[in-house]
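These notes concern the structure reproduced below.
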Amino acid sequence: MRSTKILYDEAKHTFNQLNAFNPKAIKGFTQYIHSAEKDGALSAKIKQIIMVSVSVAQQCEWCIVYHTRKALDYGATRDELLEACMVTGLMGGGPSMMYSGIVISTIEDFQKENEKIN
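Under my numbering, the sequence shown has 956 at position 64, and the numbering climbs by one with no breaks.
Following this line, the structure appears as structure tokens:
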């Protein structure tokens, strides 16, 4: 597996490339993202935890890293994220459980980075 930081950078790079190709479409998609991610009946933190779970179920490494980092930024804890991964594994079986390892690596990598900043 590539490092979580490389996956995070690749996700941002891909999004930027798609934006350069079709800024109107990406602007609309970005507006949808921002609207859907805001606090509502569910908090933004819970929504990010759900997105981590769906990313694990869909086995998208880039999405896992991106949304795990955002969930951490919104105050999600390791325990909350791993519990969501356990539920994902319950529904998705062994493959989902193994992709939870990327969540663990991302938590460790970005928590260390945040400790250096603070």
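Don't be surprised by glycine CBs; every beta carbon is placed ideally from N, CA and C.
6 Å Cβ shell around residue i - same chain, five flanking residues per side excluded
| i | result |
| --- | --- |
| residue 918 | 910, 911 |
| residue 947 | 955, 956, 959 |
Run of the alpha helix (DSSP H) containing residue i, from where it starts to where it stops
| i | result |
| --- | --- |
| residue 928 | 915-929 |
| residue 955 | 953-965 |
| residue 947 | 936-950 |
Within 9 Å, strictly: CB atoms of residue i and residue j
| i | j | result |
| --- | --- | --- |
| residue 973 | residue 963 | yes |
| residue 994 | residue 896 | yes |
| residue 968 | residue 941 | yes |
| residue 887 | residue 1003 | Nothing about residue 887 can be reported from this structure: the residues present for the chain run from 893 to 1010 only. |
Inter-residue CB distance, residue i and residue j (contact presumed, cutoff 8 Å)
| i | j | result |
| --- | --- | --- |
| residue 980 | residue 949 | 5 Å |
Own chain residues within Cβ distance below 7 Å of residue i, not counting five before or after
| i | result |
| --- | --- |
| residue 944 | 956, 959, 960, 963, 973, 976, 995 |
| residue 929 | 936, 939 |
| residue 966 | 936, 937, 940 |
Neighbour flag for residue i against chain C, beta carbons, 9 Å
| i | result |
| --- | --- |
| residue 975 | No chain C is part of this structure, which consists of one protein chain only. |
Next on the checklist: So, does the region 953-965 touch the region 980-989, judging by three or more C-beta pairs under 8 Å?
Outcome noted: no
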